């Protein structure tokens, strides 16, 4: 007599074998059927699995209420959407007409694109200066001089007063640096958080880290390493920032058309009415550009500059690619890109309150990530604006797995310094004799990197992968992580050259992830604009994986690349 | 689908009525939160109708629609998860109703299936539904969920193990007595 528990265990074993395509003997088959009929748990499992298997099968009944609602809503949305012009490719003529009306000289030769852009920016700057002259009459402190403390707690025209719900919020147009990691240059000068409002039309560059700026009430932008933007002159009208290089993400509350916010890059402009979105610009070696507009929330209107009537709407979860002025149909945003967008912009909640101070976290410890009030901030050192009052700061060392929590109290208008503990910083030297006891295994480092990835901390994850390779160069993990590292470098950190190096290092020794590595190699070459090498890499990929999911797409790309 | 691509209203309705119920059921199976699932279903159906041009005639319409639906559902899930990180006091994802009170008979009902699925983590649930309801292979699930095939296999094994544990618990509490 088989016990209740043993009966289901035996059934599960037979069921799994059947599912794996294994043939059961006649006796086993009879036993399986007997258990499915007589054992409660076995019958339950079979019933659940059968129901799951039939879940998507068509049924004959008329649509129920929720299905009917779904169909009618989708058709109504579609009818509404049909009224919006979709994206036809912008022809060169249209693009150049747009450039001309924007005051941009025609970018005919690839080699002249940088000069053309410079001229364009000068033209744009002149226009913005005119705007500034008007704005400065009403907003005298917009160009305020540098100071040593944060002034937001002092009464000033830009104080973040809480408006009654039935009144529109007061317009605040001051730009300020709210988060800085690595070097942040404002008009070429290294700048710290909390020093002063940024000058209008400032050129903001970030190297070796990340930065966020508040451009007014409910309007924040964040930049990743290697990005460069030109601010506008502020004011209460439409706002536009110019993306010259890299990645910029923006989060803003819903606003009227008269106060629309746009990110412009070249002749392309992405305009939001209330949304969370990002624009990323890549430039190839030959001056060709690729612009990606990714939308996480709300909607973004993308057009070929103010001069062209052609425009369309990018919906949440979609990204639109503009390659050398030609639009492609919106497609789904890759998961890592979306999580970076959220991770970068979510921390704005930390400096949103009215009363703020500066938090400066010092210490160079590449293996230590910092979290403040549950928002991942990445590696120290960094400085940022945060609301005054107590905060919970957690440091986690990816090498030792050690986490420390401390309470930090930030005073309004003051700077609070936090020095990372020596223990956490010391662990970055690796599993030497002094730190052997606390050193992590490759498995532990992998687990840590996965956690960081899940938390959207891509910089931290890449650093952990690199630490693993440095500490355990001969391990199997050191080889395997190259593919994930390459994908991070390519998709999240904007480092296609490093990514290519990672993929090709992996491919030299080969392994189970060779297909992914080759796919990554192709994408990295594409991002670098190395067409001839990309073509060759696609040919090799198609030879080896002719039936892969991406084969059709790559064949199309090969045709595009064919001379 | 050519007529749908040409914005033919009657063709759009025909396809919407054919695929709508399937899209809705797949979203409800993939997404725990009912309103998120319905939002995802609407977005997926809209995308399917808008993307009609991309449908290859030799493929199966339902399979093609499932892929779009699954991708849309994942986007909705990601948005929902990220949104939660902004709101400190969001409901805990593991807060799901007890299964016991709804186990009365032997045959599983949709409600029972839904509640079993609700006990699985999002990743395991996604893999489990895509495998056993939509019939995707491990490799295809890996591509859809942007995960390694090994990870998908682990999720499927874990989901099956948890399902069996839940059934054991239900039998011990209720099922044994009801027989």
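Protein chains in written order, with this note's numbering: chain A, 1 to 563; chain B, 1001 to 1179. Every residue, glycine too, gets a C-beta built ideally from N, C-alpha and C. Source: prediction; values computed, not measured.
Query raised in the report: Based on the DSSP secondary-structure assignment, which residues constitute the bridge partners of residue 395 of chain A?
Result: Along the first chain, read from residue 1 onward, the residue named residue 395 of chain A stands at position 395. Paired residue(s): A:370 and A:404.
Query raised in the report: Who are the near neighbours of residue 1120 of chain B in its chain, counting only those whose CB is closer than 7 Å to its CB and skipping five residues on each side?
Result: Position 120 of the second chain, counted from the start, is the residue given in the question as residue 1120 of chain B. Counting only Cβ-Cβ distances below 7 Å, and skipping sequence neighbours, we find 1128, 1159 and 1162.
Query - Under 8 Å between C-beta atoms of residue 210 of chain A and residue 231 of chain A - result: The residue you call residue 210 of chain A lines up with position 210 of the first chain. The residue you call residue 231 of chain A lines up with position 231 of the first chain. No; because the gap between Cβ atoms is not below 8 Å, this pair is not in contact.
**Report entry** residue 495 of chain A versus A:182, A:55, A:226 and A:288, residue with shortest Cα-Cα distance
**Finding:** Residue mapping note: residue 495 of chain A aligns to position 495 of the first chain, counting from 1. Considering only alpha carbons, the answer is A:226.
**Report entry** Where the stretch 1161–1174 of chain B meets chain A: residues whose CB sits under 8 Å from a CB there
**Finding:** 1163, 1164, 1167, 1168, 1170 and 1171
Query raised in the report: Quick one: which chain B residues come within Cβ less than 8 Å of residue 71 of chain A?
Result: One-based indexing of the first chain puts residue 71 of chain A at position 71. Within chain B, the residues near residue 71 of chain A are 1013, 1016, 1017, 1020 and 1045.
Query raised in the report: Which chain A residues sit within Cβ distance under 8 Å of residue 1025 of chain B?
Result: Reading the second chain from its first residue, position 25 is the one you call residue 1025 of chain B. Near residue 1025 of chain B (Cβ distances below 8 Å), the residues of chain A are 55 and 56.
Report task. Hey, could you find the ends of the alpha helix (DSSP H) residue 282 of chain A is sitting in? Result -> Residue mapping note: residue 282 of chain A aligns to position 282 of the first chain, counting from 1. That residue, residue 282 of chain A, is in no alpha helix (DSSP H); its beta strand (DSSP E) goes 276–283.
Requested in this report: Reducing DSSP to helix, strand and coil, say where residue 1166 of chain B ends up.
Outcome: Numbered from its first residue, the second chain carries residue 1166 of chain B at position 166. Here residue 1166 of chain B sits in helix by DSSP.
Query - Integer-rounded CB distance, given that residue 390 of chain A should sit under 8 Å from residue 407 of chain A - result: To locate residue 407 of chain A, count along the first chain from 1; it is residue 407. To locate residue 390 of chain A, count along the first chain from 1; it is residue 390. Confirmed, about 6 Å.
Report task. Just list the alpha helix (DSSP H) runs in the stretch 202–271 of chain A, keeping only unbroken ones of 4 residues or longer that don't cross its boundaries, in chain order. Result -> none
Query raised in the report: In terms of alpha-carbon separation, which member of A:451, A:467, A:405 and A:377 lies closest to residue 180 of chain A?
Result: Numbered from 1 along the first chain, position 180 holds the residue referred to as residue 180 of chain A. Taking only the C-alpha atoms, the option nearest residue 180 of chain A is A:377.
Query raised in the report: What does DSSP give as the partner residues of residue 301 of chain A in its beta bridges?
Result: Position 301 of the first chain, counted from the start, is the residue given in the question as residue 301 of chain A. DSSP lists A:271 and A:313 as partners of residue 301 of chain A.
Query raised in the report: So who's on the other strand from residue 176 of chain A, going by DSSP bridges?
Result: For the purposes of this step, residue 176 of chain A is taken as residue 176 along the first chain, with counting starting at 1. Paired residues: A:214.
Query raised in the report: DSSP puts residue 379 of chain A in a beta bridge; with which residues?
Result: Taking the first chain and counting its residues from 1, the one referred to as residue 379 of chain A is at position 379. Answer by DSSP bridge pairing, in chain order: A:369.
Query raised in the report: Start and end of the beta strand (DSSP E) containing residue 193 of chain A?
Result: Numbered from 1 along the first chain, position 193 holds the residue referred to as residue 193 of chain A. Residue 193 of chain A -> no beta strand (DSSP E), and no H or E assigned at all.
Query raised in the report: Would you say residue 302 of chain A faces chain B, with C-beta separation under 8 Å as the test?
Result: Here residue 302 of chain A refers to the residue found at position 302 when the first chain is read from its first residue. Judged by the 8 Å Cβ criterion, residue 302 of chain A is not in contact with chain B.
Query - Within 8 Å, strictly: CB atoms of residue 358 of chain A and residue 194 of chain A - result: As a first step, residue 358 of chain A must be located in the first chain, where it is residue number 358. As a first step, residue 194 of chain A must be located in the first chain, where it is residue number 194. It is a contact, given that the beta carbons lie within the stated cut-off.
Requested in this report: Return yes when the Cβ of residue 1156 of chain B is within less than 8 Å of the Cβ of residue 1144 of chain B, no when it is not.
Outcome: The residue given as residue 1144 of chain B occupies position 144 in the second chain. The residue given as residue 1156 of chain B occupies position 156 in the second chain. Cβ distance not < 8 Å, so residue 1144 of chain B and residue 1156 of chain B don't count as in contact.
Requested in this report: Would you mind telling me which residues of chain B sit closer than 8 Å to residue 633 of chain A, beta carbon to beta carbon, in chain order?
Outcome: Outside the displayed span of chain A (1 to 563) sits residue 633 of chain A, for which this structure offers no information.
Query raised in the report: Going by DSSP, which residues form a beta bridge with residue 415 of chain A?
Result: Indexing the first chain from 1 puts residue 415 of chain A at position 415. Looking at the DSSP assignment, residue 415 of chain A forms a beta bridge with A:358.
Query raised in the report: According to the neighbour-count rule (16 or more other Cβ atoms, all chains shown, within 10 Å of its Cβ), is residue 333 of chain A buried or exposed?
Result: Counting from one through the first chain, the residue named residue 333 of chain A turns up at place 333. With 16 or more other Cβ atoms within 10 Å, it is buried.
Query raised in the report: Run through DSSP, which three-state label would residue 495 of chain A get?
Result: The residue given as residue 495 of chain A occupies position 495 in the first chain. Of the three classes helix, strand and coil, the one that applies to residue 495 of chain A here is coil, per DSSP.
Requested in this report: Determine the chain A residues that contact residue 1042 of chain B at a beta-carbon separation under 8 Å, and present them in chain order.
Outcome: As a first step, residue 1042 of chain B must be located in the second chain, where it is residue number 42. 70, 73, 74 and 77, listed in chain order.
Query - Presumed contact (8 Å Cβ cut-off) between residue 1164 of chain B and residue 8 of chain A, rounded CB distance - result: As a first step, residue 1164 of chain B is located in the second chain; it is residue number 164 there, counting from the start. As a first step, residue 8 of chain A is located in the first chain; it is residue number 8 there, counting from the start. Rounded, the Cβ-Cβ distance is 7 Å, consistent with contact.
Requested in this report: Examine the Cβ distances between the stretch 541–551 of chain A and the stretch 1005–1014 of chain B and report whether three or more of them are shorter than 8 Å.
Outcome: no
Report task. Using the DSSP secondary-structure output, state which residues sit across from residue 520 of chain A in a beta bridge. Result -> Within the first chain, numbered from 1, the residue matching residue 520 of chain A stands at position 520. Answer by DSSP bridge pairing: none, since residue 520 of chain A is not bridged.
Requested in this report: Determine whether the Cβ of residue 1029 of chain B lies closer than 8 Å to any Cβ atom of chain A.
Outcome: Start at 1 with the first residue of the second chain, and residue 1029 of chain B comes out as number 29. Yes, residue 1029 of chain B counts as interfacial toward chain A.
Report task. Please list the partners that residue 260 of chain A has in chain B, where partner means a Cβ-to-Cβ separation under 7 Å. Result -> The residue labelled residue 260 of chain A in the question sits at position 260 within the first chain. Neighbours of residue 260 of chain A on chain B: none; closest Cβ ~23 Å, over 7 Å.
**Report entry** Residue of B:1132, B:1024, B:1146 and B:1136 minimising C-alpha distance to residue 45 of chain A
**Finding:** In the first chain, the residue the question calls residue 45 of chain A occupies position 45. It is B:1132.
Query - Ordered list of beta strand (DSSP E) runs contained in the stretch 457–481 of chain A, each at least 3 residues - result: none
Query raised in the report: Going along chain B in order, which residues have a C-beta closer than 9 Å to the C-beta of residue 449 of chain A?
Result: On the first chain, position 449 is the one that residue 449 of chain A refers to. Here the premise fails: no neighbours, minimum Cβ distance about 14 Å.
Query raised in the report: Taking the continuous alpha helix (DSSP H) assigned at residue 638 of chain A, which residues delimit it?
Result: No answer is possible for residue 638 of chain A: the residues shown for chain A start at 1 and end at 563.
Requested in this report: Would you check if there are 3 or more beta carbon pairs closer than 8 Å linking the stretch 1023–1038 of chain B to the stretch 1063–1079 of chain B?
Outcome: yes
Query raised in the report: Is it buried or exposed for residue 1137 of chain B, if we count other Cβ within 10 angstroms and need 16 for buried?
Result: One-based indexing of the second chain puts residue 1137 of chain B at position 137. With fewer than 16 Cβ atoms within 10 Å of its Cβ, residue 1137 of chain B is classed as exposed.
Requested in this report: Can you tell me the Cβ-Cβ gap for residue 320 of chain A and residue 297 of chain A, rounded? I've got them flagged as a contact below 8 Å.
Outcome: Taking the first residue of the first chain as position 1, residue 320 of chain A is located at position 320. Taking the first residue of the first chain as position 1, residue 297 of chain A is located at position 297. Not really, about 16 Å apart at Cβ, beyond 8 Å.
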